[in-house]
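Going by my numbering, the first residue of the sequence shown is number 1223, and it counts up by one from there.
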Amino acid sequence: MLKPLEAVRAARRSYSVEDEAEQFCREMARREAKNFYWGFISLPHEQRMAIYALYDFARQVDDDVDDAPRADLIPQRLAAQRQRIIRCMAPLEDAGDPVMYVLSKAVQRYTIPQDELQALIDGVERDCTHTRYSTWEELREYCRLVASVVGRMCVRIFGFTDAQALTCADDLGLALQLTNILRDVREDAEMGRIYLPGEELERFGITEAAMLRGEPGEGWNAFVEFQTQRARELFESGYRVLRYIPRRPAACVQTMAGIYEGILQKIERDPQLPLRERAALSKREKLRVVLGSWLRPA
1223 MLKPLEAVRA ARRSYSVEDE AEQFCREMAR REAKNFYWGF ISLPHEQRMA IYALYDFARQ
1283 VDDDVDDAPR ADLIPQRLAA QRQRIIRCMA PLEDAGDPVM YVLSKAVQRY TIPQDELQAL
1343 IDGVERDCTH TRYSTWEELR EYCRLVASVV GRMCVRIFGF TDAQALTCAD DLGLALQLTN
1403 ILRDVREDAE MGRIYLPGEE LERFGITEAA MLRGEPGEGW NAFVEFQTQR ARELFESGYR
1463 VLRYIPRRPA ACVQTMAGIY EGILQKIERD PQLPLRERAA LSKREKLRVV LGSWLRPA
């Protein structure tokens, strides 16, 4: 049995390890989560740390794949990330991997299923093998893996009163990811990627070659209107999650989704904008969304 002084020292060492791991997660989220961080800051401490770790893990997986010197090394890297998930399903005592140290605590506290974390890896894996999506159903499944599943895990961290919250989180994730895809259409085309459904592009008279040139032609404005309407419907359905989660997390969701709604509004007003540059909100516009999220009833 530890003597009182030894117990105090042990407690301090334990606190220091956890504090340093949380600081690592906090700083990474602040640095990398340009839009989402504005919502994170409204959460209570334990929930905020869990969300930081979840975001940071997703960011690390993306970066690990992007930094691979050769494509044939990517499966090995993804397998290593899957092992990180398996290890964090039990409490970790070693904080050598600070993100997973904090995430393991969140997994235990909020009962986050391993299959939802593994689905993140599935989404990144799909990004490595697919550069085109023929139908909305195909794109929807990709968006579910990279966005909706994250929304589900966030709702588990926030706490919810009805399982319908998970379905709403699915739709909100789809809305955010579709907005991302519209925003990044120029950058994606420069990398040879077209996420927008091929069948729908064809319906509006837009060819693959035209998309890759960044000159989709006369049908583009009508096509964007069609996609933004779809995103609007998904936002409307997704926002129903606010009925089932506590007030502070609701402000977080309203902030994050509100920033992306602001991006969608810019694209709605000027469908040519994504062909020229990446749509974004200014710091003042983001602050307005934050304040509105706290002032608006959930």
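Using N, Cα and C, we set each Cβ at its ideal position, and we do this for glycine too.
Query	Result
Identity of the residue in 1365, 1417, 1309 nearest residue 1393 by Cα	1365
Residue 1326, enclosing alpha helix (DSSP H) - first and last residue	1320-1332
Proximity of residue 1317 and residue 1254 at Cβ, strictly below 8 Å	no
DSSP three-state assignment for residue 1509, whether helix, strand or coil	helix
Rounded separation between residue 1465 and residue 1291 - CA only	46 Å
Range covered by the alpha helix (DSSP H) that runs through residue 1311	No alpha helix (DSSP H) holds residue 1311; DSSP gives it neither H nor E.
Proximity below 8 Å, CB of residue 1346 to CB of residue 1300	yes
Proximity test, residue 1325 beta-carbon vs the ligand FMN heavy atom, cut-off 7 Å	This structure lacks the ligand FMN, and indeed carries no ligand of any kind.
Bounding residues of the alpha helix (DSSP H) (the contiguous stretch that carries residue 1267)	1267-1288
Counterpart residues of residue 1354 in DSSP-defined beta bridges	1416
Buried versus exposed call for residue 1224 [16 or more other C-beta atoms within 10 Å across all chains shown]	Because residue 1224 sits at a pLDDT of 46, beneath the cut-off of 50, its placement in the model cannot be relied upon, and the point is left open.
Whole-angstrom C-beta distance between residue 1326 and residue 1350, which should lie under 8 Å	That belief does not hold up - the Cβ atoms of residue 1350 and residue 1326 are roughly 26 Å apart, past 8 Å.
Outcome for residue 1499 when other beta-carbon atoms lying within 10 angstroms are tallied against a minimum of 16	exposed
Element boundaries [alpha helix (DSSP H), containing residue 1498]	1495-1498
Pick from 1397, 1438, 1515 that is closest to residue 1459, judged by C-alpha positions	1397
Straight-line gap, residue 1387 to residue 1315 (C-alpha atoms, nearest Å)	33 Å
Residue 1400 classed as buried or exposed, judged by whether at least 16 other C-beta atoms fall within 10 angstroms	buried
Cα-Cα separation, residue 1496 to residue 1286	27 Å
Own chain partners of residue 1360 with C-beta closer than 8 Å, once the 5 adjacent residues on each side are dropped	1419
For residue 1421 and residue 1522, the rounded distance between their alpha carbons	Limits of the chain in this structure are 1223 at one end and 1520 at the other, which puts residue 1522 out of reach.
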